[in-house]
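Residue 32 in our numbering is what sits at position 35 of the sequence shown, and the numbering runs on without skipping anything.
Virtual Cβ for every residue (Gly too), placed ideally from N, Cα, C.
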Amino acid sequence: DVTLVLLVVFMIAAPLLMQGVKVELPEANSIPMEGNDNEPFIISIKADGTFWIDEKGTNTVETLTKIKSRVGKVLRQSPQTPILVWGDGRVAYATVVELMSELQLAGAPSVGLVTQPPRE
């Protein structure tokens, strides 16, 4: 019983700890990512198409070239680092594809696209 309570507490608290750029996440049914002890590398795409990196509690606007370089460096130091994309649901599909292509070139074996559960 205690384990279940702790699990629920962590499930509720984890998203609250992940602060970053405000984006309207698209709704989708999805399966949670497997647990990983490494801090995720978070890239946000705002509705206007700008890219933001959330590192060490600070958010900075970056170009795709800079993101590719930073992700490559992070993955060389810690290959198991999860790469997460918080994309605003209003962003053009081409913008997301462009980012995904750069992340693949940077060596990211997989990328998590963050969504929110559908409203009932």
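* **Start-to-end residues for the alpha helix (DSSP H) that takes in T60** => Going by DSSP, T60 is part of no alpha helix (DSSP H) at all; its letter is neither H nor E.
* To do: State yes or no: is the C-beta of G104 within less than 8 Å of the C-beta of L72?
  => Pairing G104 with L72 gives a Cβ-Cβ distance under 8 Å.
* Please state whether DSSP places V82 in a helix, a strand or coil. => In the structure shown, V82 falls within a strand segment according to DSSP collapsed to helix, strand and coil.
* Cross-strand partners of D51 (DSSP beta bridge) -> Answer is I39, N56, bridged to D51.
* Among T47, N56, V68, which has the Cα closest to the Cα of L102? -> Answer by Cα proximity: V68.
* Beta-carbon proximity check, V93 vs I42, cutoff 8 Å -> For the pair V93 and I42, the CB atoms are nearer than the 8 Å cut-off.
* To do: Could you tell me which residues DSSP pairs with L102 in its beta bridges?
  => As DSSP reads the structure, L102 sits in no beta bridge.
* Which class does Q113 belong to by DSSP, given the choice of helix, strand or coil? -> Correct three-state label for Q113: strand.
* **Supposed close pair T48, I40 - CB separation, criterion 8 Å** => The residue asked about is misnamed: residue 48 is Phe in this sequence, not Thr. Confirmed, Cβ separation roughly 6 Å.
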